[in-house]
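Trainee:
Numbering (the UniProt record's numbering), first residue to last: 1 to 297.
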């Protein structure tokens, strides 16, 4: 041990760097034991919390210290919770469970959508409508309207409409896609949720807790850890940090899905009655009444 210490003390720094790089490359294959490194977390700014005046005292156990009025998150705990949560998510995917990605703030929306699509999971990145979980039956009816409109476009029914009717129908379709496009293939309530910024997505968190749906989420220093089933202490605002969390969750899901076979589902044909109903609604409503869906919760 003494000889090894002396070697590292006097060795060429470039040789030491190369040795450490080789060790890191060798260990990257042991995903279950070493998923991410401290370097990854530091480079992505995962350790930066909020200002000391904006914090939740319940996060104290995850805080390493304070620097220039900013809380610093304990990355040792971040890694430990990250590895545990990675395995939880992977196992859930291996069992065929559905994991809903949620993140509607500007710096998270596009990234969350990208990684949700990479792992074939539903997502909400535009706006969380109240009742999306607790009033799921109404949401499914709205999704069915979207499917009917698309089938009308495919079978040429739209070509038989007036320009005004076609325009109104397209407007309704665009709004439905914006709000519900990410969950259109979610036939039932999700088995688990991955949420970016639980403080902002408080309605989604409340609905999940009410229905007993487990939540996986990075927790910044202003969050309440009691609301999250599988927390990962870390910055939920920095773009690179959000990308890291989303990419690791997507990778865990893909790893789990690789252990099972997937079967595709066929579309349910639209009836003429459904086509007429959707067209009638599009003509009578100037815009999709998403607020009404929220009020029905």
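Where a beta carbon is used, it is the ideal one built from N, C-alpha and C, also for glycine.
Taking only beta-carbon atoms, is residue 70 less than 9 Å away from chain C?
Mentor: Within the model displayed, chain C is absent; a lone protein chain is all it includes.
Trainee: For the 8 Å Cβ check, are there 3 or more pairs between the stretch 244-258 and the stretch 33-47?
Mentor: In short, these stretches touch, since the Cβ pair count reaches three.
Trainee: Using the Cα positions of residue 118 and residue 250, report the straight-line distance between them to the nearest angstrom.
Mentor: Taking the straight line from one Cα to the other gives about 7 Å.
Trainee: Give the DSSP-derived three-state secondary structure of residue 139 in the structure shown.
Mentor: Of the three classes helix, strand and coil, the one that applies to residue 139 here is helix, per DSSP.
Trainee: With DSSP collapsed to three states, give me the class of residue 50.
Mentor: Three-state result, residue 50: strand.
Trainee: Please report how far the alpha carbon of residue 108 lies from the alpha carbon of residue 234, in whole angstroms.
Mentor: Answer to the nearest angstrom: the Cα atoms are 14 Å apart.
Trainee: Where residue 127 and residue 179 are concerned, what is the direct C-alpha to C-alpha distance, given to the nearest angstrom?
Mentor: One C-alpha to the other measures close to 6 Å.
Trainee: Report the rounded CA-to-CA distance for residue 99 versus residue 193, giving the unit in angstroms.
Mentor: Their backbone Cα atoms lie some 5 Å apart in a straight line.
Trainee: Three-state secondary structure (DSSP) at residue 127?
Mentor: In the structure shown, residue 127 sits in coil (DSSP, three-state: anything other than H, G, I, E or B).
Trainee: Buried or exposed for residue 214, please, with buried defined as at least 16 other CB atoms from any protein chain shown within 10 angstroms of its CB.
Mentor: Under this definition residue 214 is a buried residue.
Trainee: What does the Cβ neighbour count give for residue 151, buried or exposed, with the cut at 16 atoms within 10 Å?
Mentor: So residue 151 counts as buried.
Trainee: What are the boundary residues of the beta strand (DSSP E) that residue 63 is part of?
Mentor: Start and end: 63-67.
Trainee: Less than 8 Å between the CB atoms is what I'm expecting for residue 237 and residue 224, so what's the real figure, rounded?
Mentor: Not quite, the Cβ-Cβ distance comes to about 16 Å (not below 8 Å), so this is no contact.
Trainee: Taking the alpha carbon of residue 36 as the reference point, which residue from 136, 49, 232, 173 has its own alpha carbon closest?
Mentor: If we check each option's Cα against that of residue 36, 232 comes out closest.
Trainee: From the DSSP output, in three-state form, read off residue 152 for me.
Mentor: In the structure shown, residue 152 sits in a helix (DSSP, three-state: H, G or I).
Trainee: Compute the Euclidean distance between the alpha carbons of residue 46 and residue 199, then round it to the nearest angstrom.
Mentor: So the alpha carbons of these two residues sit roughly 17 Å apart.
Trainee: Quick one: grab the DSSP three-state call for residue 219.
Mentor: Residue state, collapsed to three classes: strand.
Trainee: In whole angstroms, give me the CA-to-CA distance for residue 94 and residue 210.
Mentor: Those two C-alpha atoms are separated by around 25 Å.
Trainee: By the DSSP assignment, the beta strand (DSSP E) with residue 169 in it spans what residues?
Mentor: Premise fails: residue 169 lies in the alpha helix (DSSP H), 163-180, not in any beta strand (DSSP E).
Trainee: Give the single residue among 272, 282, 81 whose Cα lies nearest to the Cα of residue 157.
Mentor: That would be 272, whose Cα lies nearest to the Cα of residue 157.
Trainee: By DSSP's criteria, residue 99 is part of a beta bridge. Which residues make up the other side?
Mentor: For residue 99, which the question treats as bridged, DSSP gives the partners 192.
Trainee: Specify the secondary structure class of residue 88 as computed by DSSP and reduced to three states.
Mentor: Here residue 88 sits in helix by DSSP.
Trainee: Is DSSP giving residue 72 helix, strand or coil here?
Mentor: The answer is strand: DSSP assigns residue 72 an E or B state.
Trainee: I need the DSSP call for residue 57, collapsed to helix, strand or coil.
Mentor: The answer is helix: DSSP assigns residue 57 an H, G or I state.
Trainee: In whole angstroms, what separates the C-alpha of residue 205 from that of residue 162?
Mentor: Cα to Cα, residue 205 sits roughly 43 Å from residue 162.
Trainee: Put residue 36 into one of helix, strand or coil per three-state DSSP.
Mentor: Coil.
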